[in-house]
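Here the structure comes first, spelled out in structure tokens, and everything after it is commentary.
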Amino acid sequence: MFNVNFTGEFVAFFIFSVLIISGAVLMVSFTKVVHMVVSLAAVFIGIAGMFVLLQAEFLAFVQVLIYAGAVSILMIFGIMMTKHQDAEADRSRPLHETLTAIGALALFGILFYAIRQSEFPEPEQPLSQATDNTMEIGKLLFTNYVVPFELVSVLLTVAFIGAIVLAKKEAD
Amino acid sequence: MLSSYLTMAAILFCIGLYGALVKRNAVIILLSIELMLNAVNLNLVAFSKYGVVPSLTGQMFTLFSIAVAAAEAAVGIAVLIALFRARGTVNVDEYDEMRR
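Protein chains in written order, with our numbering: chain X, 1 to 172; chain U, 1 to 100.
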């Protein structure tokens, strides 16, 4: 079924996927909120490792900085600012959880079937190893993608000002 | 190798979907949504290397989606803090004014 040869990439992929899946499953099954955030940070780091495997070194660094760094810390602050029951799961909803699990598994089944069925032709010319991907991304960002880049910067500014306004205490 | 990455992303997406639908704490729901966004990013980067025409376009898309996801997380947490101040709880099943 999986006729893969054991190259270095496959071994590294296997290690990272074990890290990612165990982190994600632990996130779903932990009861303490802070533990969930920490296991999710492990997932983000595993995904950064996969980006390195896929020759996206710049994206790997961005992933570590933004997700494993900023988003995790933001979520921990969100937990600190809100009163959380230390352990959730006070009243469980077994029917709801079972139905959701069945739905998620069915979605995974459909996706897996589609992935196994479809043919992925080999790349015509592989992504060149020699060139510096980070430099190429920088060039693209300021030539082809300059308008989306500026729009994203406007979006970020608006979002952060909006976040400050929303989270600010009312004046009364 | 491409199908392994796609399967990995599908697993991650389904776990994120399950977490987003089952959990009651709103912070954890936001985290699960981040998980699903990450699965999509993994797909984009995998296709940018192993697709029929490998190019950096997938990585550019991932950059933009990371930026949008960061904005979404910040606004989400801010809304959550404002909601918590108004209602005194972060459990999503207690935000039920609209159906009372």
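Glycine included, each C-beta is placed from N, C-alpha and C at the ideal position. Being a predicted model, the structure only gives us computed values, none of them experimental.
Which residues in the same chain as residue i place their Cβ atom closer than 6 Å to its Cβ, once the five residues preceding and following it in sequence are excluded?
i              : result
G8 (chain X)   : none
S32 (chain U)  : G16, G19, A20
Y67 (chain X)  : F44
F13 (chain U)  : M36, A39
T98 (chain X)  : none
Y5 (chain U)   : A46
V149 (chain X) : The amino acid occupying residue 149 (chain X) in the given sequence is Phe; Val does not appear at that position. Answer for F149 (chain X): L141, listed in chain order.
Just tell me which of the options has its CA closest to the CA of residue i.
i              : options                       : result
K49 (chain U)  : X:E119, X:F149, X:A48, X:E124 : X:E124
A159 (chain X) : U:A74, U:D93, U:R87           : U:A74
V173 (chain X) : X:F77, X:F108, X:L107, X:E97  : Because chain X here runs from 1 to 172, residue 173 (chain X) falls outside it and cannot be looked at.
A10 (chain U)  : X:K168, X:A106, X:F112        : X:F112
V90 (chain U)  : U:A71, U:V53, U:G76, U:F47    : U:G76
L166 (chain X) : U:V92, U:V79, U:G88           : U:V79
N25 (chain U)  : U:L83, U:S3, U:R99            : U:L83
K168 (chain X) : U:E97, U:Y95, U:A86, U:V92    : U:A86
Skipping 5 residues on each side, what residues in its chain have a beta carbon closer than 7 Å to that of residue i?
i             : result
M1 (chain X)  : Any reading at M1 (chain X) must be qualified, since the residue scores a pLDDT of 48, below 50, and its modelled position is unreliable; no value is offered.
V45 (chain U) : G58, Q59, T62
L56 (chain U) : S48
In chain order, what residues of the same chain lie with their CB nearer than 8 Å to the CB of residue i, ignoring the 5 residues before and after it?
i              : result
L19 (chain X)  : A42, V43, I45, G46, G49
L64 (chain X)  : Strictly speaking, residue 64 (chain X) in this sequence is Val, with Leu absent from that position. Closer than 8 Å at the Cβ level, and outside the excluded window around V64 (chain X), lie F44, I45, A48.
T143 (chain X) : none
I28 (chain U)  : G19
Specify whether the region 152-162 of chain X and the region 56-68 of chain U touch according to this definition: at least 3 beta carbon pairs, one from each stretch, less than 8 Å apart. yes
Take every Cβ of the region 95-104 of chain X, pair it with every Cβ of the region 33-49 of chain U, and state whether three or more of those distances are shorter than 8 Å. no
Could you say if the region 58-78 of chain X and the region 23-31 of chain X meet the contact criterion of at least three C-beta pairs nearer than 8 Å? no
Three-pair Cβ contact test at 8 Å for the region 33-41 of chain X versus the region 11-19 of chain X: no
Would you list, in chain order, the members of the region 129-148 of chain X that have their beta-carbon closer than 9 Å to a beta-carbon of chain U? N133, E136, I137, L140, L141, N144, Y145, P148
Selection of the region 85-97 of chain U by Cβ proximity to chain X, strictly under 7 Å: V90
Give, in chain order, every residue of the region 34-51 of chain U whose Cβ lies closer than 8 Å to some Cβ of chain X. E34, L35, N38, N41, L42, V45, A46, S48, K49, Y50, G51
Starting from the N-terminal side, write out each stretch of the beta strand (DSSP E) that is 3 residues or longer and does not extend beyond the region 33-70 of chain U. none
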